[in-house]
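Structure, as structure tokens:
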């Protein structure tokens, strides 16, 4: 995305007025070597399996997507981003096939069985409880590396 | 997204994120972040281009080997956008008033015909892609237009979906209808051009006109939720506009 000052007026005004959350930025976890890592994707695209409960407009909760799930729908509240890319190729927003290929090629250790999506329009401070739940699930699956992908 | 990175990092995971708003990444300081100068909705860059997508992933994952935090780098390639906007936006002056809408029943019939004409190619598109993104509303495609049309007439139909009120369902139906059109056009004409697809759907199809009619009716509606989602442009793509949104006074606009 271009810099905020380069954006058209409506989007620029909206994004300028957003108050960035004040999280503790001192945390640092020493990475596992990539070839040994187990990776989960966390997406804010509000994508879920067909038939799952739709995300509400300011949802704080999350949905789980299996490594091989491909029949997905999106219930994101915002319309300011292009949806024609993911209509063509899920990997444009959630690159599960790419990670699976990288696992086969031994570029990464492994791809987690489960991945997680949130509603990106919600305030991240409100997502903390859900993020801690997701953390527990990822720990149970021995995930060590999280790849965060916006939409 | 940056905040989530810090929560997960605090729980003992190494995180790496790719992101769009560089100024926020600089302020929130996630441990490892790669800034993308791409259109929104395309964080891995290019559909059906595995090598480009892997390049984004590889450059992001290289950050896992760098320190000290915060590590923030730019992806070396740019996918250019038109006039700074991250996706298609309706022209500022393409706004209807309720008294300009004409005969909604006639418009509805035109949309039904248009949609019916698209269906053979839409079904081929599903075969070709092995999937469709249509279906968030869980309504039959044949029910999309009648449901939307009721709102364009100023009515608020009862939601046929248990647990989902009429207006949130309307939003999903609008997006499903849009997706039927764009998935079909992408397949039929082998195009990947978000500006062209946006212009075609919103400015050249009867379906686009019907949705603009809903916007016009919603802005004058007694229903606060309907008025709000229209004025916030949650039904129509105006976020990347250069002018005031419909329903918002142009006076004082800067």
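Residue numbers (this note's numbering), protein chains in the order written: chain A, 1 to 151; chain B, 1 to 254. Note that beta-carbon positions come from the ideal geometry of N, C-alpha and C, so glycine has one too.
Alpha-carbon spacing of residue 87 (chain B) relative to residue 84 (chain A), whole angstroms: Reading the second chain from its first residue, position 87 is the one you call residue 87 (chain B). Reading the first chain from its first residue, position 84 is the one you call residue 84 (chain A). The alpha-carbon atoms of residue 87 (chain B) and residue 84 (chain A) are separated by roughly 10 Å.
So if DSSP puts residue 105 (chain A) in a beta bridge, which residue, or which two residues, is it bridged to? On the first chain, residue 105 (chain A) is found 105 positions in, with the first residue counted as 1. Beta-bridge partners of residue 105 (chain A) (DSSP): none assigned.
Where does residue 75 (chain B) sit, in a helix, a strand or coil, going by DSSP? Against the second chain, residue 75 (chain B) aligns to sequence position 75. In the structure shown, residue 75 (chain B) sits in a strand (DSSP, three-state: E or B).
Evaluate the contact criterion for the region 67-78 of chain A versus the region 98-114 of chain B: three or more CB pairs, one atom per stretch, below 8 Å. no
Distance between residue 58 (chain B) and residue 254 (chain B) (C-alpha atoms, nearest Å): Along the second chain, one-based indexing puts residue 254 (chain B) at 254. Along the second chain, one-based indexing puts residue 58 (chain B) at 58. Because residue 254 (chain B) sits at a pLDDT of 44, beneath the cut-off of 50, its placement in the model cannot be relied upon, and the following sentence gives the value as read from the coordinates. Roughly 41 Å separates the two Cα atoms.
Boundaries of the beta strand (DSSP E) in which residue 39 (chain A) is found, first to last residue: Mapped onto the first chain, residue 39 (chain A) falls at position 39. Its beta strand (DSSP E) spans residues 38-43.
Looking at the structure shown, is residue 15 (chain B) part of a helix, part of a strand, or coil, going by DSSP? Position 15 of the second chain holds residue 15 (chain B). Correct three-state label for residue 15 (chain B): strand.
Residues near residue 72 (chain B) by beta carbon distance below 6 Å, same chain, minus five either side: For the purposes of this step, residue 72 (chain B) is taken as residue 72 along the second chain, with counting starting at 1. If the five residues before and after residue 72 (chain B) are omitted, its C-beta is found closer than 6 Å to the C-beta atoms of 25 and 33, all from its own chain and listed in chain order.
By the 10 Å Cβ neighbour count, where 16 or more other Cβ atoms means buried, how is residue 65 (chain B) classified, buried or exposed? Here the question's residue 65 (chain B) lines up with position 65 in the second chain. Looking at its Cβ environment, which holds fewer than 16 other Cβ atoms inside 10 Å, residue 65 (chain B) is exposed.
Counting pairs of beta carbons, one from the region 179-193 of chain B and one from the region 129-146 of chain B, are three or more of them closer than 8 Å? yes
Rounded to the nearest angstrom, how far is the Cβ of residue 7 (chain A) from that of residue 84 (chain B), given a contact under 8 Å? Position 7 of the first chain, counted from the first residue, corresponds to residue 7 (chain A). Position 84 of the second chain, counted from the first residue, corresponds to residue 84 (chain B). Confirmed, Cβ separation roughly 5 Å.
Sort B:152, B:198, B:174 and B:140 by Cα distance to residue 160 (chain B) and report the nearest one. Here residue 160 (chain B) refers to the residue found at position 160 of the second chain. Measuring from the Cα of residue 160 (chain B), the nearest candidate turns out to be B:140.
Starting from residue 33 (chain B) and walking both ways along the beta strand (DSSP E), at which residues does that stretch end? The residue you call residue 33 (chain B) lines up with position 33 of the second chain. Where residue 33 (chain B) is concerned, the enclosing beta strand (DSSP E) stretches over 32-37.
Roughly how many angstroms separate the alpha carbons of residue 93 (chain B) and residue 2 (chain A), rounded to a whole number? Position 93 of the second chain, counting from 1, holds the residue named residue 93 (chain B). Position 2 of the first chain, counting from 1, holds the residue named residue 2 (chain A). Roughly 25 Å separates the two Cα atoms.
List the residues of chain A that residue 131 (chain B) touches, going by C-beta distances under 7 Å, in chain order. One-based indexing of the second chain puts residue 131 (chain B) at position 131. Simply 70 and 71.
For a quick check, are the C-beta atoms of residue 146 (chain A) and residue 42 (chain A) less than 7 Å apart? Numbered from its first residue, the first chain carries residue 146 (chain A) at position 146. Numbered from its first residue, the first chain carries residue 42 (chain A) at position 42. Yes, these two residues count as a Cβ contact at 7 Å.
Beta-carbon within less than 7 Å of residue 225 (chain B)'s beta-carbon, same chain only, minus the 5 sequence neighbours each way: which residues are those? For the purposes of this step, residue 225 (chain B) is taken as residue 225 along the second chain, with counting starting at 1. Closer than 7 Å at the Cβ level, and outside the excluded window around residue 225 (chain B), lie 167.
When the distance is taken between beta carbons, is residue 201 (chain B) closer than 7 Å to residue 170 (chain B)? The residue you call residue 170 (chain B) lines up with position 170 of the second chain. The residue you call residue 201 (chain B) lines up with position 201 of the second chain. Result no, Cβ atoms of residue 170 (chain B) and residue 201 (chain B) do not sit closer than 7 Å.
Proximity of residue 73 (chain A) and residue 136 (chain B) at Cβ, strictly below 7 Å: Looking up residue 73 (chain A) in the first chain gives position 73. Looking up residue 136 (chain B) in the second chain gives position 136. For the 7 Å CB-CB criterion, residue 73 (chain A) and residue 136 (chain B) form a contact.
Determine, using beta-carbon pairs with one atom in the region 47-61 of chain A and one in the region 125-135 of chain A, whether at least three such pairs fall under 8 Å. yes
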